[in-house]
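The numbering of the sequence shown is UniProt numbering, which starts it at 1 and goes up by one.
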Amino acid sequence: MAMYMKCGCLEDGRYIFNWIGCRRNVVSWNSLISGYGMHGFGSESVQVFEEMIKEGISPSIITFISVLGACSHAGLVDEGKRLFESMVEYNVTPRGEHYACMVDLLGRAGHLDEAVELIQSMHIEPSPQVWGSLLGACRIHGHVEYAELACSHLFDLEPRNAGNYVLLADIYARAKLQNQVDVLKELLEEHALEKVPGCSWIEVKKKLYSFVSVDNKNPQVEELQALIGEFVTQMKNEGYVPDTGSVLYDIEEEEKEKILLGHSEKLAVAFGLINTGKGEVIRITKNLRLCEDCHSVTKFISRFTEREIVVRDVNRFHHFRGGVCSCRDYW
């Protein structure tokens, strides 16, 4: 059941859940709640939680992590607050993971002041996960001040985590603060830290293929980029403007657009289109968060080619169908 839910086969997962009947336990309920949540069905996740309570099953620490995470990805702020406050009723003491979910919930929804207030009110020391949730929210909303606050803690708690430096640099770049971007690049070099490259994987005919962003060694890259370039040209005719904000190099816009063409998920999508049959679902896994530009391009491709594309990034699943994503552009 957990496998079906994680793979996005929600109907099959629910069928197994119903089939096991009286043998259900808190683990099976958690799998259902988590599965709906990671695929963007937050309301269904909360509904399953309520069913669980009616069945007399006591929620666990994991249950609340799953349902709060579901609320976060679906933007269910009021539901998330209610569930967080109800934890005491079930003798579950909030841990760092629960606070991280709440900071993520509030931050994604744009309630950054409230997210910071929650962190300051914590009865335990905020973990890197909590500060990381705030930093991620600042990346979404472009809030420089709170991003610097989060990183002032993260750089002490996780001095070897290059991702925090890169994320802050990304926020600076989008705010047109190139001097600060350059300072962070120097810090990365000074501490011998390397940015984790974007990697995407796709399985075709029982063989796994991997792609790395801006990969000049792969002989197929030129062909794949050319295909993506054709889609981008058509998108521009419909008013699309490439989102180059995530490119940290101080170069011309045209060069930034070329870098975007080499993002690993775009290469994987192009490879899937070339090497799979018409109507076949394209399934991709990515090691980082899906960037805004790749999200926009994949939506267009799903509509133009009439193909379903499923991308599992570091945070959640994205189901692209007919130019629409299951995350409703909220991720």
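Virtual Cβ for every residue (Gly too), placed ideally from N, Cα, C.
CB contact check: residue i to chain B, cutoff 8 Å
i      : result
Leu118 : Among the chains in the structure shown there is no chain B, since it carries only a single protein chain.
Between the CA atoms of residue j and residue i - distance to the nearest angstrom
i      : j      : result
Gly40  : Cys325 : 10 Å
Lys256 : Ala173 : 12 Å
Gly142 : Ile171 : 6 Å
Asp329 : Lys299 : 10 Å
Val297 : Asp250 : 23 Å
Glu125 : Ser302 : 44 Å
Ala109 : Pro219 : 42 Å
Glu194 : Asn161 : 9 Å
Glu265 : Ile284 : 7 Å
Glu89  : Cys22  : 25 Å
Thr305 : Gln234 : 12 Å
Cys327 : His73  : 8 Å
Gln180 : Ala169 : 7 Å
Phe271 : Leu261 : 13 Å
His191 : Phe155 : 12 Å
Contact belief for residue i with residue j at Cβ below 8 Å, rounded distance in angstroms
i      : j      : result
Trp331 : Leu288 : The pair is not a contact, with the Cβ atoms about 12 Å apart (cut-off 8 Å).
Val48  : Glu79  : The Cβ separation is near 13 Å, so there is no contact.
Met1   : Phe317 : Between Phe317 and Met1 the Cβ distance is about 17 Å, and since that is not below 8 Å, they are no contact.
Leu135 : Tyr165 : Rounded, the Cβ-Cβ distance is 11 Å, inconsistent with contact.
Ala70  : Gly107 : Rounded, the Cβ-Cβ distance is 16 Å, inconsistent with contact.
Ile119 : Val103 : 6 Å
Nearest candidate by alpha-carbon position, reference residue i, set the options
i      : options                           : result
Ile274 : Lys54, Glu292, Pro128 and Arg307  : Arg307
Gly198 : Gly229, Ser246, Asp156 and Cys151 : Ser246
Leu223 : Asn179, Asp243 and Val269         : For the sequence presented, residue 223 should be read as Glu rather than Leu. Out of Asn179, Asp243 and Val269, Val269 has the C-alpha closest to the C-alpha of Glu223.
Glu203 : Glu85, Ile259, Glu145 and Val281  : Val281
His123 : Tyr99, Tyr36 and Gly132           : Tyr99
Gly277 : Lys205, Ala226 and His263         : Lys205
**Request:** Counting only runs of 3+ residues fully inside the UniProt domain "DYW" (239-331), write out the beta strand (DSSP E) ranges in chain order.
**Result:** 282-286, 309-312 and 317-321
Q | 4-residue-minimum alpha helix (DSSP H) runs that sit fully inside the UniProt repeat "PPR" (60-94), ordered along the chain | A | 61-74 and 77-86
Residue ranges of each beta strand (DSSP E) run of no fewer than 3 residues wholly in the region 170-245, ordered along the chain?
-> Fully enclosed beta strand (DSSP E) runs of 3 or longer: 199-204 and 207-212.
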